[in-house]
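A.B. asks: Quick one: structure below, then a few questions.
Residue numbers (my numbering): 10 to 243.
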């Protein structure tokens, strides 16, 4: 899910490759949209009915057909459930599955693993680094949220209010507020100082995705109920 703060719009995607444009409360009407005219040469519009998939709506460019990985990093041995870049642009952080719930740090310049920590008891489903670059947050199947000092790598704190798998994380631009989405709802936490604030919503539907707009006041959440919900964090 992506928030476009200047246009007060949110974009959400689903498995049928559909993009939805939604109005935020402060947007009276959509800006004028022009239909695309630069379709690929062999493009043919099609009905995206999953029971009648298109054979080939257009011919991919040969350059895209021949894309290959620059290189491969190996070390987890099992599934990788989450992946993010560090603020330095060189460090990649990966979170492992239940069989090997390690968080590994990789140097892209060196092309190898440089550090690893046991961040959760079970699968690491979500990770995020605060915008100020001070805190790494990990969460997963064990219903716990762990905070780590990014510079030292030292463990900082654990939040244990959730009762089920934590699937998504978001942090406000000022790095003060953390939001977590899980099977049992959405919770809000203070990172400075580190403490729980309140429960934003408790429900049985899973929250798979969270996004906070640039001013830090509007939270968008999406889950398995097929709706995008907006919340005021102010």
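Ideal placement from N, C-alpha and C gives every residue a C-beta, glycine not left out.
Can you give me the Cβ contacts of residue 37 inside the same chain, cut-off strictly under 8 Å, excluding the 5 residues immediately before and after it?
C.D. replies: Because the pLDDT of residue 37 is 47, which lies under 50, any placement of that residue in the model is unreliable, and the question is left without a value.
A.B. asks: Based on the DSSP output, what are the partners of residue 127 in its beta bridges?
C.D. replies: 111
A.B. asks: Can you tell me whether residue 3 is helix, strand or coil according to DSSP?
C.D. replies: There is no way to answer for residue 3, as the model of the chain reaches only from 10 to 243.
A.B. asks: To the nearest angstrom, how far is it from the Cα of residue 136 to the Cα of residue 121?
C.D. replies: 20 Å
A.B. asks: Runs of 3 residues minimum, wholly inside the segment 174–203: which ones carry the beta strand (DSSP E) assignment?
C.D. replies: 175–180, 186–191 and 194–200
A.B. asks: What does residue 167 pair with, by DSSP beta-bridge criteria?
C.D. replies: BP columns for residue 167 point to 155.
A.B. asks: Which residues mark the beginning and the end of the beta strand (DSSP E) in which residue 105 is found?
C.D. replies: 100–105
A.B. asks: Identify whether residue 76 lies in helix, strand or coil by the three-state DSSP scheme.
C.D. replies: coil
A.B. asks: Just to confirm the assignment, what range does the beta strand (DSSP E) spanning residue 249 have?
C.D. replies: One cannot answer for residue 249 here, as it falls past the ends of the chain, which runs 10 to 243.
A.B. asks: Where does residue 52 land, buried or exposed, given buried means 16+ other C-beta within 10 angstroms?
C.D. replies: For residue 52, the predicted model reports a pLDDT of 49, less than 50, meaning its position is unreliable; a value from the coordinates is still stated below. When all chains shown are included, residue 52 counts as exposed.
A.B. asks: What residue range is occupied by the uninterrupted beta strand (DSSP E) comprising residue 148?
C.D. replies: 144–149
A.B. asks: Could you check the C-alpha separation between residue 110 and residue 193 for me, to the nearest Å?
C.D. replies: Rounded to whole angstroms, the separation of the alpha carbons of residue 193 and residue 110 is 22 Å.
A.B. asks: Could you pull out every residue in the same chain whose Cβ sits closer than 6 Å to the Cβ of residue 42, ignoring the five residues on either side in sequence?
C.D. replies: In this prediction, residue 42 scores a pLDDT of 46, lower than 50, which makes its location untrustworthy; no coordinate-derived value is stated.
A.B. asks: In three-state DSSP terms, what is residue 208?
C.D. replies: strand
A.B. asks: Excluding the 5 residues preceding and the 5 following residue 176 in the sequence, name in chain order all residues of the same chain whose CB lies nearer than 7 Å to its CB.
C.D. replies: 134, 135, 190, 191, 215, 216 and 217
A.B. asks: Let's test the definition: count the other Cβ atoms within 10 Å of the Cβ of residue 90 and tell me whether it reaches 16, buried, or not, exposed.
C.D. replies: With 16 or more other CB atoms across the displayed protein chains lying within 10 angstroms of its CB, residue 90 is buried.
A.B. asks: Quick one: what's got a C-beta closer than 7 Å to residue 76's C-beta in the same chain, skipping five residues either side?
C.D. replies: Hits under 7 Å: none found.
A.B. asks: Restricting to Cα atoms, I'd like to know which of 104, 97, 94 and 99 is closest to residue 86.
C.D. replies: 104
A.B. asks: Hey, quick one: how far does the beta strand (DSSP E) through residue 90 stretch, first residue to last?
C.D. replies: 89–94
A.B. asks: Please report the straight-line C-alpha distance between residue 219 and residue 154, rounded to a whole angstrom.
C.D. replies: 16 Å
A.B. asks: Classify residue 135 as helix, strand or coil using the three-state DSSP reduction.
C.D. replies: strand
A.B. asks: Tell me the DSSP secondary structure of residue 232 in three-state form.
C.D. replies: strand
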